[in-house]
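J.: Every position in the sequence shown, counted from 1, becomes a number in our numbering once 11 is added. Got a structure for you, questions after.
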Amino acid sequence: METTTILGPGELIAALPDMLGYTPTEAVVVVALDRGGMVLCAAAVDSVDLAIPELAPSIGPILARDLAEAGTRRAIAVSWSDAAPGAVCPELEELAPDLRAVGIEPCLWATDGDRYWSPECHDDECCPVEGRPLPRGEWGSGGRAAARARHRSSRARPVASDAQRRSARRAADRWWRRRSEDREAWCLRAWDLTIGCGPDSDAPAWGKTIASLQDVRVRDALIVRWLGAEAAVVADVLTGTASEGVHRVMDGALRPGSATVPSAAQIGEGLRWCHEGATYARRTERAVLHALCAVLYWWADDLTASREAAADALDCDPSYSLALLVAQMCDRGLAPGWRRSPHTPPWGNG
12 METTTILGPG
22 ELIAALPDML
32 GYTPTEAVVV
42 VALDRGGMVL
52 CAAAVDSVDL
62 AIPELAPSIG
72 PILARDLAEA
82 GTRRAIAVSW
92 SDAAPGAVCP
102 ELEELAPDLR
112 AVGIEPCLWA
122 TDGDRYWSPE
132 CHDDECCPVE
142 GRPLPRGEWG
152 SGGRAAARAR
162 HRSSRARPVA
172 SDAQRRSARR
182 AADRWWRRRS
192 EDREAWCLRA
202 WDLTIGCGPD
212 SDAPAWGKTI
222 ASLQDVRVRD
232 ALIVRWLGAE
242 AAVVADVLTG
252 TASEGVHRVM
262 DGALRPGSAT
272 VPSAAQIGEG
282 LRWCHEGATY
292 ARRTERAVLH
302 ALCAVLYWWA
312 DDLTASREAA
322 ADALDCDPSY
332 SLALLVAQMC
342 DRGLAPGWRR
352 SPHTPPWGNG
């Protein structure tokens, strides 16, 4: 039996992706330790869920209770996000009292995947303003974390207030009910709302956009637009028309030779948009936003990040078909068409 000794919080945080099997994003990872300091388990909780008052009162106590029943005496809670080094973490502040209530002493840390710090520490010699660099090398997670961070470098942290989320959800429900009146007209209007929604939009606008994306026509129109489709092709998707133009765009995405290479700016903008929308959405509604991120990562030829985003979508809705499809594509090594030469097998070498 081989035993690995982890020395200090930096090495532990650097080892988390290997312990979990993936690089966490916008999550709080809790590592449970027994009385002797041995690791019992590691669990990740979506930061957005901890930030939502409707869910936080149940998630924190349930997690704390389960850890206590497993014999946990101390828990190292790590917020993994794109927060600037030295920033406080509201999600950790929500979780810590629940751990203490069942006799578990929490030790709080935060990381952006490159540096780490303690939100509770105000000693510059211990936790400098710029944080401390994560150890690299034997843990093997630094390269993966850095690669993932390149795609999510400007990912928005949850910023919507409780009132804004409630406002968004009311608007989403009202807008979705109007879909039954005339779906085609609704989809065309929903498309205008979706492409008009952005960083300066208010909560009701985001709510309507989130509801719009629950319709596969609007969702797929956004995807073909990202793939370089012209306005006429987008219109075909919105009206449910299986035109030659739609076929050409989808075929070009999968087969080499005809697709336009995506720009890093376009991918980054799309990811930021999806992440911001997720701050207003209910858990099940976030499935489409995570799945859209998976599509963007796939289009950027980052199959690892795409598979992780698809898994995030399936955590929200295990039957979400787009996420299942993207996950299958990633598992089989299917790269986007622009990335392969005409002589490359479409499903890799397997």
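Glycine included, each C-beta is placed from N, C-alpha and C at the ideal position. Please read all numbers here as calculations on a predicted model, not as lab measurements.
So residue 27 and residue 54 are supposed to be a Cβ contact under 8 Å. How far apart are they, rounded?
T.: In fact, because the Cβ distance is near 11 Å, the residues do not count as touching under 8 Å.
J.: Take residue 19 as the anchor and find which of 120, 188, 215 has the nearest alpha-carbon.
T.: 120
J.: Can you give me the Cβ contacts of residue 198 inside the same chain, cut-off strictly under 7 Å, excluding the 5 residues immediately before and after it?
T.: Cβ-Cβ distances below 7 Å link residue 198 to 226, 228, 229, 249 in the same chain, with the five nearest sequence neighbours on each side left out; the list follows chain order.
J.: Can the beta-carbon of residue 123 be found less than 7 Å from the beta-carbon of residue 77?
T.: Taking the C-beta atoms as reference points, residue 77 is found no nearer than 7 Å to residue 123.
J.: Could you give the distance in angstroms between the alpha-carbon of residue 145 and the alpha-carbon of residue 21?
T.: 6 Å
J.: What separation, rounded to the nearest whole angstrom, lies between the Cα atoms of residue 149 and residue 46?
T.: The predicted model places residue 149 with a pLDDT of 48, which falls under 50 and marks its position as unreliable; any figure quoted below should be read in that light. Approximately 27 Å, taken between the alpha carbons.
J.: Tell me whether residue 96 sits in a helix, a strand or coil according to DSSP, three-state version.
T.: coil
J.: Take the Cβ of residue 329 as the centre, count every other Cβ of all protein chains shown within 10 Å, and call the residue buried at 16 or more, exposed below.
T.: exposed
J.: Does DSSP put residue 331 in a helix, a strand or coil?
T.: coil
J.: Can you list, in chain order, the residues of its chain whose CB lies under 6 Å from that of residue 212, leaving out five sequence neighbours each side?
T.: none
J.: According to DSSP, which residues form a beta bridge with residue 121?
T.: 90, 128
J.: Measuring straight from C-alpha to C-alpha, what distance separates residue 31 and residue 247?
T.: Our two residues, residue 31 and residue 247, have alpha carbons roughly 42 Å apart in a direct line.
J.: By the three-class DSSP mapping on this structure, what secondary structure does residue 273 have?
T.: coil
J.: Just the Cα atoms here: how many angstroms apart are residue 297 and residue 139?
T.: 36 Å
J.: With DSSP as the reference, please indicate the residues paired to residue 144 in a beta bridge.
T.: 126
J.: Tell me the DSSP secondary structure of residue 156 in three-state form.
T.: Residue placement at residue 156 is flagged as unreliable, the pLDDT there being 35, under the threshold of 50; the coordinate-derived value follows with that caveat. Correct three-state label for residue 156: helix.
J.: CB-CB under 6 Å to residue 323, same chain, minus the five flanking residues each way: which ones, in chain order?
T.: 301
J.: Decide if residue 49 is buried, meaning its Cβ has at least 16 other Cβ atoms within 10 Å, or exposed.
T.: exposed
J.: Taking only three categories from DSSP, how would you classify residue 85?
T.: strand
J.: Under 8 Å by Cβ, that's how I've got residue 98 and residue 43 pegged, so tell me the actual separation to the nearest angstrom.
T.: Their Cβ separation, rounded to whole angstroms, is 25 Å, which puts residue 98 and residue 43 out of contact at 8 Å.
J.: Under 6 Å Cβ to Cβ from residue 341, same chain only, skipping five residues before and after it: list those, please.
T.: 314, 317, 318
J.: What is the rounded straight-line gap between the Cα of residue 223 and the Cα of residue 215?
T.: 12 Å
J.: In the DSSP assignment, find the beta strand (DSSP E) that holds residue 227 and state where it starts and stops.
T.: Unbroken run through residue 227 is the alpha helix (DSSP H), 227–237; no beta strand (DSSP E).
J.: Can you pull the DSSP bridge partners for residue 39?
T.: In the DSSP output, where bridge partners are listed per residue, residue 39 has 56, 90.
J.: Residue 198 lies in the alpha helix (DSSP H); which residues open and close that run?
T.: From DSSP, the alpha helix (DSSP H) with residue 198 extends over 194–206.
J.: Please list the terminal residues of the continuous alpha helix (DSSP H) segment that includes residue 241.
T.: Careful: residue 241 lies outside any alpha helix (DSSP H) and carries neither H nor E.
J.: Check residue 151 in the structure and name its three-state DSSP category.
T.: Reliability of the predicted coordinates at residue 151 is poor, the pLDDT of 41 falling under 50, and the value obtained from them is presented with this limitation in mind. DSSP places residue 151 outside both helix and strand once states are collapsed to three, so it counts as coil.
J.: Could you give the distance in angstroms between the alpha-carbon of residue 2 and the alpha-carbon of residue 254?
T.: Lying before the first or after the last residue shown, residue 2 is absent from the chain, which here runs from 12 to 361.
J.: Can you find a CB in chain C that lies within less than 7 Å of the CB of residue 141?
T.: Absent from the structure is chain C; it holds one protein chain and no more.
J.: Output the distance between the C-alpha atoms of residue 274 and residue 311, rounded to the nearest integer angstrom.
T.: 8 Å
J.: How would you write the range of the alpha helix (DSSP H) that residue 220 sits in, first residue to last?
T.: 214–224
J.: Assign residue 287 to buried or exposed, taking buried as 16 or more other Cβ atoms, counted over all protein chains shown, within 10 Å of its Cβ.
T.: buried
J.: Give the secondary structure of residue 51 by DSSP, where H, G and I count as helix, E and B as strand, and everything else as coil.
T.: Residue state, collapsed to three classes: strand.
J.: Thinking C-alpha only, which one of 181, 51, 105 is nearest residue 293?
T.: 181
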